[in-house]
Amino acid sequence: MMENFIFSINVTIPIFLVMVLGWALKQARMLDGNFVSVANKFNFSITLPFLLFRDISAVDIRAVFDLEYVLFCAASSSACFWAIWGGAKLFLKDRSLTGAFVQASFRSSAAVMGLAFIQNIYGPSAMGPLMIIGAVPLYNIYSVLVLTFEGSHASMDRRGKLKEACANILKNPIILAIFLGLAVSFFHITFPVWINKAIQNVAQMATPLALVTLGAGFEGRKALAKLKPTLAASFLKLIAQPALILPVALALGFGREKLVAILIMLAAPATPSCYIMAKNMGHDGTLTASTVVATTLLSAFTLTGWIFLLKILGYL
118 MMENFIFSIN
128 VTIPIFLVMV
138 LGWALKQARM
148 LDGNFVSVAN
158 KFNFSITLPF
168 LLFRDISAVD
178 IRAVFDLEYV
188 LFCAASSSAC
198 FWAIWGGAKL
208 FLKDRSLTGA
218 FVQASFRSSA
228 AVMGLAFIQN
238 IYGPSAMGPL
248 MIIGAVPLYN
258 IYSVLVLTFE
268 GSHASMDRRG
278 KLKEACANIL
288 KNPIILAIFL
298 GLAVSFFHIT
308 FPVWINKAIQ
318 NVAQMATPLA
328 LVTLGAGFEG
338 RKALAKLKPT
348 LAASFLKLIA
358 QPALILPVAL
368 ALGFGREKLV
378 AILIMLAAPA
388 TPSCYIMAKN
398 MGHDGTLTAS
408 TVVATTLLSA
418 FTLTGWIFLL
428 KILGYL
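Be aware that the sequence shown starts at 118, since it is given in this note's numbering, and climbs by one per residue.
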């Protein structure tokens with residue numbers, strides 16, 4: 118238990134401290150709102166797509182592909198998304214927060230933090246990238262859907278919003294990078310060393326730049342005003358989803374590496390790319406940022422608790 122807790126702290130606290138650095142630099146006026154805006158666009162269009170392309174293209178899809186497992190990850194992500202969106206429509210009083218709330222509640226940091234947890238427990242594993250294939254494309258597609266339909270275009274009819282959502286999906290750089298990475302992996306396309314190093318260098322910028330930007334864009338006083346939806350989103354992200362889906366995974370016989378990857382998919386903190394996409398699509402950045410911060414801190418305890426529970430029950 119203590120070993121898992123220390124590992125969780127070692128993963129989450131450095132991430133949180135980079136956010137704090139971004140916030141401190143903003144307070145010291147070394148960074149300003151223009152930096153946050155430009156960096157968000159740069160992350161959304163360049164660094165995050167490079168990161169996902171690198172991770173997915175590195176996997177030998179033909180050798181490790183498990184259709185049942187990928188479909189379960191996709192179905193679980195879908196069920197969580199539609200349930201949370203439906204619940205938000207019923208219970209969230211401030212309708213302007215719906216898009217940001219839904220995205221932050223269901224979308225995990227699977228690519229950034231998830232692989233670190235899996236590798237710590239089992240070493241190099243193909244199950245993490247397979248989980249990413251099953252869940253991350255849907256994370257982005259569903260995020261585009263909810264952010265489009267719950268956006269500010271109140272006068273646009275449902276058909277118009279559907280067309281806008283489809284257009285946003287087709288031109289979303291993160292989604293394009295995922296499918297390009299799948300194609301490169303499936304057809305075993307190789308690049309010269311200098312191209313691989315360039316991809317690696319750009320991909321390495323994604324996480325630290327996203328965290329600094331998130332911290333610089335964080336507004337503490339506004340976040341306090343949105344404490345209730347932040348706590349609700351954090352509860353859904355860290356506790357409710359794994360509590361509902363993990364028993365189904367166990368009943369279907371998923372164990373060890375697959376089970377840990379599913380746990381990460383369900384219970385990892387909200388990803389910084391939530392903030393980037395919400396800001397780029399004109400939605401509430403304060404709620405998204407505060408949910409990312411809260412889930413990052415709390416996940417050190419909740420993820421450790423889930424891992425401990427699965428271990429004592431003999432599933433890991």
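Every residue, glycine too, gets a C-beta built ideally from N, C-alpha and C. A quick note: this is a predicted structure, and the numbers were derived from the prediction, not measured.
>> Taking only three categories from DSSP, how would you classify ALA145?
In response: coil
> DSSP three-state call for ALA175: helix, strand or coil?
Replying inline: coil
> Would the beta-carbon of ALA320 fall within 7 Å of that of ASN160?
Replying inline: no
> Using DSSP with H/G/I as helix, E/B as strand and the rest coil, what is ALA387?
Replying inline: strand
> Does DSSP put SER226 in a helix, a strand or coil?
Replying inline: coil
> Where does GLU267 land, buried or exposed, given buried means 16+ other C-beta within 10 angstroms?
Replying inline: buried
> In whole angstroms, what is the alpha-carbon distance linking ALA221 and CYS391?
Replying inline: 6 Å
>> With the cut-off set at 7 Å, would you say LEU420 and ALA384 are in Cβ contact?
In response: yes
> Based on Cα-Cα distance, which residue from LEU142, LEU433 and PRO166 lies nearest to LEU299?
Replying inline: PRO166
>> Quick check: what's the CA-CA separation for LEU255 versus VAL153?
In response: 26 Å
>> Within a Cβ cutoff of 7 Å, which residues of the same chain sit near ALA205, ignoring the five residues on either side of it in sequence?
In response: THR215, PHE218 and VAL219
> Over what stretch of residues does the alpha helix (DSSP H) that includes LEU188 continue unbroken?
Replying inline: 184 to 208
>> Could you compute how far the alpha carbon of ASP177 sits from the alpha carbon of MET382?
In response: 21 Å
> So GLY334 packs on GLY402, CB below 8 Å; how close in whole Å?
Replying inline: 6 Å
>> By the three-class DSSP mapping on this structure, what secondary structure does GLU336 have?
In response: coil
> What span of residues does the alpha helix (DSSP H) with ARG276 cover, start to end?
Replying inline: 275 to 287
> Smallest Cα separation from LEU297: which of LEU134, ARG171, SER162 and ALA141?
Replying inline: ARG171
> In whole angstroms, what separates the C-alpha of LEU207 from that of VAL310?
Replying inline: 53 Å
> Mind checking PRO359: buried by the 16 CB within 10 Å criterion, or exposed?
Replying inline: buried
> What first and last residue would you give for the alpha helix (DSSP H) that runs through PHE152?
Replying inline: 150 to 159
> Rounded to the nearest angstrom, how far is the Cβ of TRP202 from that of VAL253, given a contact under 8 Å?
Replying inline: Contact doesn't hold; Cβ gap of about 18 Å is too wide.
> Quick one, are the C-beta atoms of ALA315 and THR164 less than 7 Å apart?
Replying inline: no
> Leaving out the 5 sequence neighbours to the left and right, which residues in its chain are closer than 7 Å to ILE286 when beta-carbon positions are compared?
Replying inline: ILE258, VAL261 and ILE292
>> Between which residues of its own chain and LYS210 is the CB-CB distance below 6 Å, once the five residues before and five after are set aside?
In response: none
> With DSSP run on the structure shown, which of helix, strand or coil describes PHE296?
Replying inline: helix
> Roughly how many angstroms separate the alpha carbons of ASN156 and ALA411, rounded to a whole number?
Replying inline: One point to set straight first is that residue 156 is Ala, not Asn, in the sequence displayed. Cα to Cα, ALA156 sits roughly 22 Å from ALA411.
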